[in-house]
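Report on the following structure.
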Amino acid sequence: MKTKKRILVIDDDKPLASMVKMNLEGTGDYDVCVENRSSRALRVAQDFEPDLILLDYIMPGLDGGDVSCRFHEDPKLSKVPLVMVTALVSNCEMGDDGTSQLGGHTMLAKPIRFHALLACIEKRLGVVA
Amino acid sequence: MEQDAKDDIIRRGFRNPNVPALRFLCVEDNMGDFVLVKDHLRHAGFGRQPVVCCASRVQVAVEMLSAESSDLPFDLVFLDLSLPDSTGAETFRRLRHACPRIPVIILSGNNDHDLAEELVQEGAQDYLPKESLNPDLLMRCAIYALGRQRYRAGLEKLTQRLKQTTLELRAAHSHLAQAEKLDSICRLAAGVAHEVKNPLATIQMGLDYLTAHCVNPDENTESTLVLMQEAVDRADSVIHDMLNFSRSDESVKMEPICINDLVACVLRIVKHECHRNHVTCEALLADDVLMISGDLNKLEQVFINIIMNSVQAMKAGGKIEIRTKRGLLGETQRDEGLREMNRMRMGDEVAVIEISDNGPGIPDELKNRIFEPFFTTKPTGEGTGLGLAVSKRIIELHRGQMEVVNSEGSTGACVRIQLKANFSNKNKPNGTNGKPSLELVTATNRTP
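Chains as they are written, first to last, in this note's numbering: chain A, 158 to 286; chain B, 207 to 654.
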C-alpha cells in the first residue's frame, strides 16, 4: 500500500474547505488537513508537513499573498508546491488545463471542478496518473 | 444687401456717402402716395440716394421680396394696408407670413390706435398715419427699424444656438446618467461575482463528491445531479459575463488585426451552430485589406455574440450577412466622460462591419434598451442580458462605435460596428488617398 500524500487546505470558507477535504480523501490517495484561519497557517503547516498546499487568496487578516511569503521564508515549506485557489481570476483567464501561472504560483479559479483540481494536484506532485 | 454692408451703414451712419444705398419696397396702389413717399425718402438726407420700388398689391410685393432672393434684397418695406387684393390687418399678416424677416413699416390712411398697437405687437416696426409723414420722420423710422431688425436677427441666431446647446446638453446628460448607472452596476457586479463564487465552488465540490460516491444512483438521483450541474454551470457563466463586463477594460491587448481574417475566423466558429439552426451565414468582404488595432479574442467574442443573437432571433431559420467595408466616420456620439485624445472623430477612416439578418428586427420601444446590462428578451436561462452590453463595452474600449438599426426595406436587424482603421503597419492599399472612393457613413443613413 502506497503512502498517502499530505495536503494542507487553507481557506476561510469552511464549507468549501471541508468539501475539498471530503473529495480528496474520497479518492483514498490523500490525507487532508484544513485550516480556516490564515493567521495559524504557518504553524499548522510546520506541524503537518504537507506535500502540497492549497491556499485561498482572499481571506480576512493575512491574505494568500502574505501567507505564501511566510511559507517562502521557511526553509522546509518553501520547497512545498503551492496552488492558489481564488475567486479573483475567472476560468476564462486560465490556460487550457484550467491553470495559470501568476507571480510564480499555480492559480486555480473558483468554482473549480474536482477532476480539474485533482489533475492540477497530481501534476504538481509529479504523480503519473 | 449683404449683412456686413448693412451693419456698416448702421455703424458709419446713413448719411455717410460711402456706404451702399438702401433699398425700399413701397407697397402702395395709390400712385400719388407712392410718389410722395419716394420724394420724402429722397429728401431725407441718406448719404446715398435710396432705391425705392413700388408694388401695387400684396401678392406682387411677396413675389418681389421672394424673387430677389440674393442679388439685391430689399432692406425694408413701407406697407399701405388698403390694397386691391387685401385690406386691413390681413394685408400685414399676409406679407409677414410670406416674408417673416423683412422689417415692415405700416403707412396707413387712418389713425387707428388700436390697430396700430395690435400690428406692432405682431411684429410691425412702426405704424405711421400718412397725413403726418415728412422726410425726417420716415428716415428716423427706417433707421430705427433697421437697427431693431439687426438685433432681432442676432437674437434669432442666439436662440437657435441656445436650442442646439440645450439639445446637446440633454444628450450629454443622459449619456452621463447612463455611464453612471453602468459604473455602479459594474462595481456591484464585480462584488456579487466574487461573493457568489465561494458558495458556488462549495456546491460544485459537493456535486463532484456525490457524483463520485453515489453507488448505483436511481434515475431521479442521477437526473438531479445532472440538473444541479447544469445550474452551477449556468450560474458560473453569468458570473463570468458579469466579471467580463465589469472589468473588460483591464485586459485589452491591442494588436494589428485584419478585419476580413477576423470575420472569416468567426464564421468558422459559428458555422456549426448556424447550420444546426438552419441559418445561412454569408460574408461580403471588402476587396482591400482593412487593418485595425484590437484585441482579437475580445472582438471575436463581440461578433460571436451578435451572430448568436441573430441565430436565436430567427427561430425558423434565416440568413445572416456580414459585410465589411472601408468608410469615414460620420456623426460621432459624444462621450462626455471620456477625456482621451485617441477617440474617433468625424471624418476618421474606419473599418465598417455590418451584420444583418432577416429575422423579426427589434421593436422600436426596445431599441433604447438593448445595450442595457441584464436586459434580455430571451426566456430565463437562455440569455443573461449581458451579451450586447459586453459587446458594446468592448467596442467602446476599442474607441469604436456600435449601433443597432432595423434593416431598411426588409425585416431584420443590422448591427453596425465602426472601428478606427489602422493602415500604418501595412502598405496603404490603393485608393486610400483618393477621398472620393471613401463612403461617408452616418449614424442615420444605412448605406446599401
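Even glycine gets a Cβ: it sits at the ideal position worked out from N, Cα and C.
Source: prediction; values computed, not measured.
- With a threshold of 16 other beta carbon atoms within 10 Å, Glu374 of chain B falls short and is exposed.
- At a cut-off of 8 Å between beta-carbon atoms, Arg270 of chain A makes contact with chain B.
- Proximity of Asn193 of chain A to chain B, defined by a Cβ-Cβ separation below 8 Å, is not satisfied.
- Around the C-beta of Asn316 of chain B, fewer than 16 other C-beta atoms lie within 10 Å, and the residue is accordingly described as exposed.
- Residues of chain B whose Cβ lies closer than 7 Å to the Cβ of Pro207 of chain A do not exist; the shortest such Cβ separation is about 19 Å.
- Leu594 of chain B and His604 of chain B have their alpha carbons spaced roughly 15 Å apart.
- Among the residues of the region 397-412 of chain B, those with a Cβ less than 7 Å away from any Cβ of chain A are His400, Lys403, Asn404, Leu406, Ala407, Thr408, Gln410, Met411, Gly412, in the order of the chain.
- Secondary structure of Tyr214 of chain A (DSSP, three-state): coil.
- One Cα belongs to Asp188 of chain A, the other to Ala395 of chain B, and the distance between them is close to 37 Å.
- Contact between Val243 of chain B and Cys259 of chain B does not hold, since their C-beta atoms are separated by about 11 Å, which reaches or exceeds 8 Å.
- For the options A:Arg194, A:Gly222, A:Leu275, A:Arg227, the alpha carbon positioned closest to that of Lys178 of chain A is the one of A:Leu275.
- Secondary-structure assignment with DSSP links Cys260 of chain B through a beta bridge to B:Cys232.
- For Leu406 of chain B, the CB contacts under 8 Å within the same chain, skipping 5 residues up- and downstream, are Val438, Ala441, Asp442, Ile445 in chain order.
- In this structure, the alpha-carbon of Pro217 of chain A lies about 16 Å from that of Leu173 of chain A.
- Distance from the CA atom of Phe228 of chain A to the CA atom of Ser235 of chain A, rounded to whole angstroms, is 5 Å.
- For Leu433 of chain B against Thr417 of chain B, the beta-carbon gap comes to about 12 Å, at or over 8 Å, which does not count as contact.
- For Pro172 of chain A, a Cβ of chain B is located within less than 8 Å of the residue's own Cβ.
- For chain B, the residues of the region 203-237 of chain A that bring a beta carbon within less than 9 Å of one of its beta carbons are Asp213, Ile215, in chain order.
- The region 222-242 of chain B makes no contact with the region 261-274 of chain A, as fewer than three CB pairs between them are under 8 Å.
- Listed along chain A are Gly183, each with a C-beta nearer than 7 Å to that of Ala418 of chain B.
- The three-state secondary structure of Lys525 of chain B, taken from DSSP, is strand.
- Residues of the region 493-512 of chain B with a C-beta less than 7 Å from any C-beta of chain A: none at all.
- By alpha-carbon distance to Arg221 of chain B, the top candidate from B:Gln507, B:Arg346, B:Gly553, B:Phe577 is B:Arg346.
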